[in-house]
Structure formats: C-alpha cells, structure tokens
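Quick note on our numbering: the sequence shown kicks off at 48 and runs consecutively. For each residue, glycine too, the CB sits at the ideal point set by N, CA and C. Presented below is the structure to which this report refers.
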Amino acid sequence: MRYQTLRGIPLVLEFEWPVHASHSGSDWYVLHGRATVDDGSGLHADVAVNMSRAVIDALSSTAEENVRPVAINAVRKFLDTRDLELLKSGKRQPVNASSRVFSVVRKTWTFNDVTDTDLQGFLERKVFFDSLHAPKSWIADPVEALYLNSQRERLLTAARQLAQEGMIEFDGEFATPTAQLRNRSDEFQALTKSAIKDLEAKHAFERA
48 MRYQTLRGIP LVLEFEWPVH ASHSGSDWYV LHGRATVDDG SGLHADVAVN
98 MSRAVIDALS STAEENVRPV AINAVRKFLD TRDLELLKSG KRQPVNASSR
148 VFSVVRKTWT FNDVTDTDLQ GFLERKVFFD SLHAPKSWIA DPVEALYLNS
198 QRERLLTAAR QLAQEGMIEF DGEFATPTAQ LRNRSDEFQA LTKSAIKDLE
248 AKHAFERA
C-alpha cells in the first residue's frame, strides 16, 4: 500500500495480520508492520501499532478491513509529528492509536485538520507520487478522507479546483497528473528530503 504523509514523505506500508492481543496482558491490541520511504533509500520504521480498547470498540472488530485505515493513518500521523525515526535498521517503534487519534468524548477520529491550501498541496503530491506506480490516483479514497479529517466531497472539490488550474486531469473520483504537475518533480522530491532531514535532526537532538 502506498500513501504519503502530510509533510510529503511517500511511503510503502506493510502490516503483519492479524491484530493480536498484547502479550503483556494489558487491555491493548497490537499490529506489527513496516513503513518504508518510497525512494529506494532503504529508510524505514518497523512499528507496533498499539490500539486501545476505546479504539477497538469504535472499530467494532479487529477485522483487517476495519483496522487497516486507522493503522495506516496512525503511522502517518506519528511521522508527521516526528515521533517515529526512519532508519536502515533498528528496533520496532511504538505507534499508540489511542486518544491521540480518537476522541472518546466526541466519538470522532482526530488525525489532521488541514486548510484548503494544505489540502490542495497534499492532493498535488498524492497524484504525482501515485502516478509513479499506477495509472490513476483515487482522490476519494476513504483512508485519505479519514487522515485529513475531511468528507469525501471536500477532497473532490479540491481536486476539481486543481483540474481548473491545469494541475490534474480529473474524471469521477480519479485523477492523473498533467505535464504541468509532472514538471514539479524536483519540488516534490525536495520537500520529501526536507521532511526527512527535519525528522532526522529531531531524533539526533534527542540522542545528544
């Protein structure tokens, strides 16, 4: 599965199903996985997505189709907040899917609030990176809507605006990049490198 972070890091995400109860005996459920930077560098984070009882109850079950969107987005959020370190080797790192991503009081998911400008930038990068591996990019992907705390229609509206600006070709729920967007490859690659550099600097400071 390929997704990018809000800060512009393209990822390949793999998980080891099924979800299992924590071996520590606590009231948590665990899903192991790996997030690899999709640039050939070998940088990755081995993760243990730890889901609280409240999160599992909100999902109704630990079935893969229910858990997958939350696991993907929790890993992305922890990279957004620089709480995961990208390494070429290393230990498994915890990703706690609890009150950080789900409000028990409001019964809502709380991954990322984005402005319209942020959303358009995210979709530009999404269409660009998706086009490197697939013929079309699914704008209305429910995983993305959940990650961006947005309704499906908001994503589609933003995509229509990008089409009007000549950045994408848009048909139904799917988009392809125009030459104008593809020509911004250096910009998107530079953003990825900058996000990774910021992440590395934060963890280097913590180790010092």
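Buried or exposed by the 16-neighbour rule on C-beta atoms within 10 Å, applied to residue i
| i | result |
| --- | --- |
| residue 152 | exposed |
| residue 55 | buried |
| residue 65 | exposed |
| residue 85 | buried |
| residue 51 | buried |
| residue 162 | exposed |
| residue 191 | buried |
| residue 242 | buried |
| residue 68 | exposed |
| residue 57 | buried |
Straight-line gap, residue i to residue j (C-alpha atoms, nearest Å)
| i | j | result |
| --- | --- | --- |
| residue 182 | residue 235 | 19 Å |
| residue 95 | residue 168 | 30 Å |
| residue 225 | residue 176 | 13 Å |
| residue 104 | residue 137 | 32 Å |
| residue 144 | residue 118 | 8 Å |
| residue 91 | residue 179 | 19 Å |
| residue 53 | residue 127 | 6 Å |
| residue 48 | residue 206 | 22 Å |
| residue 214 | residue 227 | 6 Å |
| residue 155 | residue 193 | 10 Å |
| residue 87 | residue 107 | 37 Å |
| residue 131 | residue 142 | 8 Å |
| residue 208 | residue 75 | 42 Å |
Residues bridged to residue i [DSSP beta-bridge criterion]
| i | result |
| --- | --- |
| residue 215 | 224 |
| residue 67 | 77 |
| residue 113 | None, per the DSSP bridge assignment. |
| residue 239 | According to DSSP, residue 239 bridges with nothing at all. |
| residue 150 | 155 |
| residue 176 | Beta-bridge pairing links residue 176 to no other residue. |
Coarse secondary structure for residue i, derived from DSSP in three states
| i | result |
| --- | --- |
| residue 79 | strand |
| residue 171 | helix |
| residue 57 | strand |
| residue 123 | helix |
| residue 189 | helix |
| residue 250 | helix |
| residue 142 | strand |
| residue 166 | helix |
| residue 105 | helix |
| residue 198 | coil |
| residue 136 | coil |
| residue 95 | strand |
| residue 49 | strand |
| residue 232 | helix |
| residue 22 | Lying outside 48 to 255, the shown extent of the chain, residue 22 is not represented and no answer is given. |
**Prompt:** So does the segment 122-132 actually touch the segment 104-114, counting three or more Cβ pairs closer than 8 Å?
**Reply:** no
**Prompt:** Is there contact here, the segment 191-205 with the segment 244-255, by at least three beta-carbon pairs under 8 Å?
**Reply:** no
**Stretch pair the segment 91-99 + the segment 144-160: three plus CB contacts closer than 8 Å** = These segments touch.
**Request:** Count the C-beta pairs between the segment 207-225 and the segment 157-172 that are closer than 8 Å, then say yes if the count reaches three, no if not.
**Result:** Yes: at least three Cβ pairs fall under 8 Å.
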